[in-house]
Structures are given as structure tokens and as C-alpha cells.
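Worksheet: the structure to be examined is printed underneath.
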Amino acid sequence: MSGPRPRIAIDAMGGDGGAAVTVPGALALADVAELFFVGEEPAVRAVIAAHPELSASVHVLHAAEQIETGADLRTALRHRPDASMRRALELLAAGKVDAVVSAGDTGALMALSRQIVSTQPGIRRPAICKAMVGAAGPFWMLDLGANLDCDAEELHQFARLGAELARGVGGLPSPRVALLNVGTEAGKGPAHIRAAAQTLRLDPALNFTGFIEANRLFRGEADVVVADGFAGNVALKAMEGAAWMAGHMLRRWFEGLGFIEQAALALARSKLEALRHELDPERYNGASFVGLSGVVVKSHGGADREGFASAVRAAVQEVRAASGDR
Numbered sequence: 000m001s002g003p004r005p006r007i008a009i010d011a012m013g014g015d016g017g018a019a020v021t022v023p024g025a026l027a028l029a030d031v032a033e034l035f036f037v038g039e040e041p042a043v044r045a046v047i048a049a050h051p052e053l054s055a056s057v058h059v060l061h062a063a064e065q066i067e068t069g070a071d072l073r074t075a076l077r078h079r080p081d082a083s084m085r086r087a088l089e090l091l092a093a094g095k096v097d098a099v100v101s102a103g104d105t106g107a108l109m110a111l112s113r114q115i116v117s118t119q120p121g122i123r124r125p126a127i128c129k130a131m132v133g134a135a136g137p138f139w140m141l142d143l144g145a146n147l148d149c150d151a152e153e154l155h156q157f158a159r160l161g162a163e164l165a166r167g168v169g170g171l172p173s174p175r176v177a178l179l180n181v182g183t184e185a186g187k188g189p190a191h192i193r194a195a196a197q198t199l200r201l202d203p204a205l206n207f208t209g210f211i212e213a214n215r216l217f218r219g220e221a222d223v224v225v226a227d228g229f230a231g232n233v234a235l236k237a238m239e240g241a242a243w244m245a246g247h248m249l250r251r252w253f254e255g256l257g258f259i260e261q262a263a264l265a266l267a268r269s270k271l272e273a274l275r276h277e278l279d280p281e282r283y284n285g286a287s288f289v290g291l292s293g294v295v296v297k298s299h300g301g302a303d304r305e306g307f308a309s310a311v312r313a314a315v316q317e318v319r320a321a322s323g324d325r
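In terms of numbering that gives the first Met the number 0, the sequence shown is residues 0 to 325.
See below:
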């Protein structure tokens, strides 16, 4: 990688763990990014003090307030002028950083991003886009909950934004774009999905492959999956639930093994650990708010340090992709 290190602003107080998670998680990327921690300075510096070798690579900007998860949007927009989330976004809007990463409240982050950073010219609404791991590698899915009701034109814009991300971050010259639907036949699905399909099919800039059903998302048939925020969020939560259930059943199966079976299984421990690591959702933490005039990445509020580091890594990759330096 060449060029200057991306400048990443970290909402240090966001998420369930606050600075205890966000600061060490982000510091894992201190060798590839210039980090700007925004939050309660004493709390942030207390964590940084445990990593003196990295102290020269980071900046700390004090913000006395924070926006709690579930906070009323009016409060977030009007009554938290010194919130860490707001201050981080203001750095992005002023061009002082290249991206913002926050584990704070999703609704507040989206609302403040639209207010402070603004959307790209011609884009009606930003969307939430996340990379998923599939049988043939990663694929990108949007919208995952920002816009519950969408018309055909907005879905068309989402398709273009998702394809741009897949090209830039994924290095795919012609990503395959599909619309999430209840069937693959042309007459299936609600009117706005069918109308969007007609629009996407006529766009020469898109490699539109048609409809895709939820049970085929992970089979490597599409690189970008487009949905309205309602369907996308339901699909995402179902995936998370299925992953939890699979892990739960596997743990119960291990617990039921006898001594000899467990001893035999120990021989394959390294393979099982590699599989567990490959499927760990924390590795794929970090959802992009596409359609904004700057890079904003949302980390899961309950992410651990490794998970938050993944979100910061996603921001670094986006910034590098935007500059043509992958």
C-alpha cells in the first residue's frame, strides 16, 4: 500500500463497551491509519496509556457528551452539541479526517450523518451496506434497515452504490447485481421490486442478473444484493439468528461427546479453530453508510475489540478504494 495513511475519526464513547473497547480495537490499526479519538479525554488517554508505543500515532479530541443507544432523535440532533458522535462527524465534514467509525446508536448516526456530512449529489437517501461471507467469497448487501420504504428509483440508486463499493473495495470489475425477492420469476414480488428490476435491467452501468431468493444468498450467485430496508434488515437478523443457532447446536453436540470421542476430536482442533475463526461474525463487523459525501462506518454496538478493529479496517479499505489505492 502506498500514499498517506487514512485519517480515521473514532467515536470513542459509542457502543456498549465505550472507550474500553473502541480505543484498543482501533489501536490495532495504528500502523495503517492515523487515528483521531473523539470522546471523554481522561477515559481515552487512560486506555492509550497501556500502549505507549502507539501514543505518537494518535490524536485525542475531547467531547464532554455522548449519545446513548435508543436516544430520542430530537435529543441527538438538537441537544447534544458536544457529543462524541457529532464531533467526529464534524471532523469529516470539515475535511480533517477521511472517515468516521462509530458503534453508537444507528438511527442517531444516520440522522447526524445526513445533517452534518450530507448525501452525494443526486442521492435521495443513504443506505446501510455490509459485506457478507459467502461460498464464493464476500458479497455486499443493502439496504439493511435505514429505509423501510423504498421506491424503484431509490433501489436503483442503492444498486449503483453497492456496485461501486464492490468494485472499489472488492476489486470486482463487473459485480453481479441481484434484487432480493420472494421468487425469481418476472411476475413475482411487490410492485416496487418489479419496477426496480426493469430499471436495473436497462442500466448499462450495471451487471444485473435478476431476482435472488433469500435461501440462495450465500451460494455465490450475486456480488451485490439489493433490498428495501425492511426486507434487508429481516434477512440480516435471520442470518444472525441462524448463525447463533448453528453455534448453539454445535456446542451442545460437543458437550455430549464421550472421553474417547473428545480425545479423537482434539486431533482436529486446529481445523475446527480455523473454521470457527472463518465463520466468526466479528471478522465481518462494520456496515457502511453508502450515499454520503464521506465514509461513515457503523460498528455493531456489542462488538468486542476484535470486532471493532474489523469496522476500522473496513473504513481504511473504503478510503483507500476511493483514492484508488487498495
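Note that beta-carbon positions come from the ideal geometry of N, C-alpha and C, so glycine has one too.
If residue i and residue j are in contact, beta carbons under 8 Å, what's the gap, nearest whole angstrom?
i, j, result
"Leu90", "Gln114", "Not quite, the Cβ-Cβ distance comes to about 15 Å (not below 8 Å), so this is no contact."
"Met140", "Gly231", "6 Å"
"Ile66", "Val57", "That pair is no contact at about 22 Å."
"Ile7", "Val311", "6 Å"
"Gly103", "Gly14", "6 Å"
"Val315", "Ala32", "5 Å"
"Ala151", "Ala221", "Incorrect: roughly 19 Å between the Cβ atoms, too far for contact."
Is the beta carbon of residue j closer than 8 Å to that of residue i?
i, j, result
"Leu179", "Ala126", "no"
"Val59", "Arg44", "yes"
"Leu108", "Met84", "yes"
"Ser292", "Val99", "no"
"Thr21", "Ala11", "yes"
"Ser309", "Tyr283", "yes"
"Pro5", "Asp148", "no"
"Phe217", "Lys187", "no"
Straight-line CA distance for residue i to residue j?
i, j, result
"Lys129", "Trp252", "31 Å"
"Ser287", "Val295", "6 Å"
"Ala185", "Arg193", "7 Å"
"Gly24", "Phe307", "5 Å"
"Gly228", "Ala158", "13 Å"
"Glu254", "Gly240", "21 Å"
"Pro137", "Gly17", "29 Å"
"Ala42", "Leu26", "15 Å"
"His191", "Lys236", "23 Å"
"Gly170", "Val225", "19 Å"
"Leu88", "Asp71", "19 Å"
"Thr105", "Glu40", "23 Å"
"Gly167", "Ala262", "46 Å"
"Gly182", "Ala320", "34 Å"
"Pro189", "Asp81", "44 Å"
"Ala145", "Arg200", "24 Å"
"Ala135", "Thr74", "44 Å"
"Ala49", "Ala313", "25 Å"
"Ala93", "Gly301", "29 Å"
"Val233", "Ala62", "35 Å"
"Met244", "Asp142", "24 Å"
"Arg250", "Gln156", "42 Å"
"Pro3", "Met238", "37 Å"
"Pro51", "His299", "28 Å"
Establish whether the CB of residue i and some CB of chain D are separated by less than 8 Å.
i, result
"Glu220", "No chain D is present in this structure, which holds just one protein chain."
Any idea which residues DSSP pairs residue i with across the strands?
i, result
"Thr118", "Leu291"
"Asp10", "Val37"
"His58", "Phe35"
"Met140", "Lys129, Val224"
"Asn206", "Arg175"
message: I'd like to know if the region 201–208 and the region 169–179 are in contact, where contact means that at least 3 CB-CB pairs between them fall below 8 Å.
response: Yes, they touch.
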